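Beneath this line is the structure, given in structure tokens, with notes to follow.
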Amino acid sequence: MFAAPTFFFALGASLSLPITCYAGLIQKPDLKLPPYAEGHREHAKSMFLESYDAYRNYAFPHDNVAPISGGYSDGRNGWGATIIDSMSTMKIMGLDALFSEAVAHTLNVDFTASKTQDTVSVFETTIRYLGGILSAYELSDGQHPQLLTKAKQLADQLAHAWKGSSPIPWGHIDFQSNSYKLQTSNIAEAGTLSLEWATLAKHTGNHTYHNLGVGSARHIAEMQTPLPGLPGQGIDPKTGSAVGSYITWGGGSDSYFEYLIKYARLNLTEDHIFADTWRTAVDSSIKSLLKKSAIKGDSYLADIDNNGVVRHVSSHLACFHGGNWLMGGRLLNNETIFNIGLALVDGCWNTYAQSETGIGPDGFAYIPSDGQTAGEAPPTLEQLEFYLKHGFYVRNAYYVLRPEVLGSNYYAWRTTGDEKYLQRAISAMDSFRKYLRIQKTGGYAGLWDVNNPAEGFIDDTESFWYAEVLKYLFLTFDDPQHISLDEYVFNTEAHPFKVPHMSPDHVFGSGNMSPPSKPHSAVPGTLPVDPSRKTRSKPLTKSASIHRKYIDMRSAKLFCLLSAALPHLVVAEKIQLPGLKLPSSAAANRAAVVNLFNDSYAAYQQFAFGHDDVSPLSHGFSDDRNGWGASIVDAMSTMHIMGLDDLFLEAVNFSSKIDFSHSLTPDTVSVFETTIRYLGGLLSAYELSNQQFPVLLQKAQELGDKLAFAWSRGNVVPFGFLDFSSNTPSIATSNIAEAGTLSLEFETLSKHTGNQTYANLAIGSLSHIANLPAPLPGLAAQGIDPSSGNFVGGYVTWGGGSDSYFEYLIKHARLSNTDDNLFADTWHTAVDSSITTLLRTSTVGDHVYTADFDSSRQIRHVGSHLACFHGGNWLMGGKLLNNQTIIDVALQLIDGCWNTYAGDATGIGPESFAFISSDGNFTGGSSPTSAQLSFYNKNGYYITNGNYILRPEVLESNFYAWRVTGDTKYLDRAASAIQSFNTFLRTSTGFTGIIDVNNVHTGRFDDTQSFWFAEVLKYLYLTFDDPSHISLDDFVFNTEAHPFKAPPAKEVYGTATGRIRRPTAPFVLRNPNAPLPAVSPIPALRKGN
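Start counting the sequence shown at 17; every next residue gets the next number (the numbering used here).
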């Protein structure tokens, strides 16, 4: 399992941050082979000799041997592709006689004309012929200068591909007329030339070669892209423009990405665009493409098609990425990229390990934990059954001797020294000898179906079998100092080029990862047929897989498979960890929390009873919640949970006498605050006491009837404030937290009164917001106008003003068990968009956070105590959707929020803070001061508002983390908070907020908010309470921590196969500067001494 996205890069001198990531060595230092390696090295060599003997006997000097029929083919212009492509392997294996024969052949080739009627592929000819010749020249220490002459002859012919004004070469040229074939190309064809052409320039002194090969890659890197660093697959050599926007690490794009980081290493260039673009591509891939299979949890990189739809497909070709990420991760000294690289290597190897022959198929697909399929026809019943057993299903079953899985396995061995990669190579060689060897000729051939070898062989041995597969196998078991990854860079055909020595203080890239400065634009067009790296020299002539009998995903048999045989895909999990037990130390901490409550509430009883809040310092009170006794009603559910029966009965008695017909103060009534504190408090107390006090429901109904006037003007979205005396709303803008955080309370009121009108009002508002076109998929804008029902502005945040709207989407789905998938699907879409667009990592400490996205579509690297509810909410939703990725990211978010406690002098977190990520530190406000930067360099965040006003969110998410994982570190954190509260918040008469969490001598606020009783102390108590008491599988908490009884969970929340909602209409930005209500308005805080 890989960690959530984390990055640690240099940020640049402008911020004066001492964060320079010096390049690391690629190979594990002092790597040693076990004694058994020698025998397997010889095994790889013998396979080469057997294969090459077949070629020499039946096909020399043509391109490929046909080992079954004993014939040959000339799909690479007849210049002897197998000979030239094999030369570097021969030299590495010490096959000197064969190498000399191959050199002699090469020197006699006339590269000025094709020996066949075919045009010449610039890409294939560069990587196989030009790369093979230059690598042989270097490996033989320049002893054959005629090889360089031949390489120059070939390149001079290929250079005609750059006719015209565009720096992109045409993909195919006619060597007789030196004319090009007028057709579109792809970025793999156009961007996989730099290593070979730069090496040729190095040895000839002619920089023109370098400029041609590198200029094409640079042009692609500088293009505007659909996602940062990730260009679409197609490109037009005539104009240099993008063709379509299909994103993939597979064929048609693959080696473009591969060469970005390899060119940076080969040239040690000070031009950072190549390393920076590669890193940006990886960062975008982690955010947008990285997925996990719901079965076995294999990691893979999905595609994104021209319509922006994620396609959960992959291929043998794409499996180069694991090794490439291992190389780049080491060069950038980035452990996260490296670890994800290993996870990708493992995922690709699983396609070998789970096949009948032990050999991987050419194309395959996944069903991830969000239930989506390949973006085309759904899997057949046979494919689905295969998936349930193996974690992927086969789309193209043939094996054409491709190298990518074994290439990445080789990198994994050389970088880690883990012998499991040696065992995998042994397994592959055994499978090759068993299933690919042709007894008649001694050669090796591909298979039509890796799961059914009886389907027969493919009568062809591609040249990359010699150049790549057998070379990587041999080197896996060879002395690691021979062709060290720190001394050579392999081209995409596995031809090694010597690299310059790298100084210990070398840095790859500038540390910048900038989003595109202009929107991506592309023209439609037709891409080359079979746009894949190292395309086959002749087409396959037999159906590569069994005829697919597609069935409707709604069919009864398939649904039974999905719901019964695939529980990890569609069936909701329990939220709490089954069998969770508390350690013996929990009892003392639980008692400590009760003491906190009793001491706090005693101060309230003494100085403020009947009023809203106590002022512990001045021994007074305040009535900022309409004077109905907010602390009493808000504390009732906590009292009942703690078993404080006398206090609970006193609170019930008080609540029974509240007159909700009018405010006891001149203030208007906040619909949101009154709903979550008073209505939620009354209904939760009614349920927790097993409905023993019907007066609580009576009072809740009285209050609900008054609050309903917020919808009195025919508006779907309620107005935020009411005058209870006249039952008239205040006509003003609202926000989605105020308008979308009512459903749990109002539907619970409907449940107990039998009047569905209450639920319809609140759910109608929630539905309306969820259905509005949003700035980002699923991520509603913060502001909303109740009069028109439209968004106001386009600001997106998980913080105040939006927070509990997102919270209630999944909580409403769980509490109601509704069959309307809108709510769970919208929540899932919001999370998916957040991971794709908002998720960031601090450059110090690798702390994960969700940034904001403002109306001008800029990322703001800000966080807040309010937003820190998200970790717990994502844990709950991740469990209900059975989505491990969401769970993993949630735990990272929780750790990031807890760090704001751990990093402060008081051990208590601030009201708001900010981060610096690899894409900058824009917050919408002023740049960090030198003091803030110094704090950031130590802690990975900096404080923008140091107040603590007794907020609960960090401890709320910590409670969820404990109940979900059972990791006792969350108990330790809660105990630490108790200690800090006693040290810094306690007064002689209660508990108060503090002005500066990073100052142990801080001043105080003369106020105890009611959510201190309702939330902070409840979540702390429940963290140390019996997990079966108020289980997360039996109750749903409102946003004020009032628990409501939930029915038994459904099997599925949201749409079973494809929960991500696509936009139905474009978002329209309206009134971006219109005033919005204060975020989570807290009455003016009174400072004390």
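A virtual CB, placed ideally from N, CA and C, is assigned to each residue, including glycine.
Keep in mind that this is a model prediction, so the values were computed, not measured.
- Query: Can we say the region 92-112 touches the region 138-150, given the rule of at least three CB pairs closer than 8 Å?
  - Reply: yes
Check: DSSP on PRO469, reduced to helix/strand/coil?
Finding: helix
_If contact is defined by three or more beta carbon pairs under 8 Å, each pair taking one atom from either stretch, is the region 260-272 in contact with the region 314-330?_
yes
Terminal residues of the continuous beta strand (DSSP E) containing ARG856?
855-857
### Task
Determine, using beta-carbon pairs with one atom in the region 806-818 and one in the region 859-871, whether at least three such pairs fall under 8 Å.
yes
Sheet register partners of LEU360 (DSSP bridge)
Partner(s): none; LEU360 has no beta bridge.
Taking the beta strand (DSSP E) that LEU738 belongs to, which residues open and close that run? 737-739
key: Reduced DSSP secondary structure (H/G/I, E/B, other) of ALA175   = helix
State the DSSP-derived secondary structure class of PHE448, mapped to helix, strand or coil. helix
Discussion item. Quick check on DSSP: helix, strand or coil for THR373?
Written reply: If DSSP states are grouped into helix, strand and coil, THR373 belongs with coil.
**Q.** Neighbourhood of GLU205 by C-beta distance below 6 Å, restricted to the same chain and skipping five residues each side
**A.** PHE139, GLY187
Handout entry: Buried/exposed call for ASN611, threshold 16 Cβ in 10 Å
Key = exposed
> Counting along the chain, where does the alpha helix (DSSP H) carrying GLY87 start and finish?
Replying inline: Run containing GLY87: none in the alpha helix (DSSP H); it sits in the beta strand (DSSP E), 87-89.
### Task
Would you mind sorting ASP841 into buried or exposed? The rule is 16 or more other CB atoms within 10 Å of its CB.
buried
request  = Work out the CA separation of PRO242 and GLY696 for me, nearest whole Å.
outcome  = 45 Å
Q.
Taking the beta carbon of ILE747 as the centre, do at least 16 other beta carbons fall within 10 Å, making it buried, or is it exposed?
A. exposed
In terms of residue numbering, what span does the beta strand (DSSP E) encompassing HIS188 cover? 188-190
Where does PRO384 fall in DSSP's three states?
-> Residue state for PRO384 is assigned as strand, using DSSP reduced to three classes.
Pick out whichever of ILE903, LEU1001, PRO791 has its Cα sitting closest to the Cα of THR1080. PRO791
I think ILE932 touches SER858, with their Cβ atoms under 8 Å apart; what is that distance to the nearest whole Å? 6 Å
Handout entry: Nearest-angstrom Cβ-Cβ length linking LEU782 and ALA846, presumed shorter than 8 Å
Key = That pair is no contact at about 13 Å.
Please state if the CB of ASN731 and the CB of PRO789 are separated by a distance shorter than 7 Å. Result no, Cβ atoms of PRO789 and ASN731 do not sit closer than 7 Å.
Practice item. Evaluate the contact criterion for the region 470-489 versus the region 395-402: three or more CB pairs, one atom per stretch, below 8 Å. Key: no
- From ASP721, TYR368, ALA129, LEU660, residue whose alpha carbon lies closest to that of GLY407: Taking only the C-alpha atoms, the option nearest GLY407 is TYR368.
Exercise for review: Alpha carbon to alpha carbon, how far is ASP739 from LYS722? Give it in angstroms, no decimals.
Suggested key: 10 Å
Using DSSP with H/G/I as helix, E/B as strand and the rest coil, what is ILE591?
-> coil
Strand pairing of LYS307, partner residues [DSSP]: BP columns for LYS307 point to TYR316.
query = For the beta strand (DSSP E) that ASN412 lies in, which residues bound it at each end?
reply = 409-412
Local Cβ density within 10 Å of HIS59, reported as buried at 16 or more and exposed below that:
buried
Query - Host alpha helix (DSSP H) of SER638 (start-end) - result: Careful: SER638 lies outside any alpha helix (DSSP H), inside the beta strand (DSSP E) at 636-638.
(request) Kindly indicate which residue of PHE885, SER766, LEU987 has the alpha-carbon position closest to the one of GLY821. (result) Gly is not the amino acid found at residue 821; the sequence shown has Tyr there. When only C-alpha atoms are compared, the closest one is PHE885.
Let me know the secondary structure DSSP gives VAL138 once reduced to three states. helix
Quiz item: Between the beta-carbon of MET109 and the beta-carbon of PHE506, is there less than 7 Å?
Solution: no
inquiry  = Using the three-state DSSP reduction, which class does THR981 fall into: helix, strand or coil?
reply    = In the structure shown, THR981 falls within a helical segment according to DSSP collapsed to helix, strand and coil.
Could you check which residue in GLU754, ALA619, TYR917, ALA775 has the C-alpha nearest to that of GLY6?
Residue 6 lies beyond the range of the chain shown here (17 to 1105); nothing can be said about it.
- Using the DSSP secondary-structure output, state which residues sit across from ALA930 in a beta bridge. VAL878, TYR958
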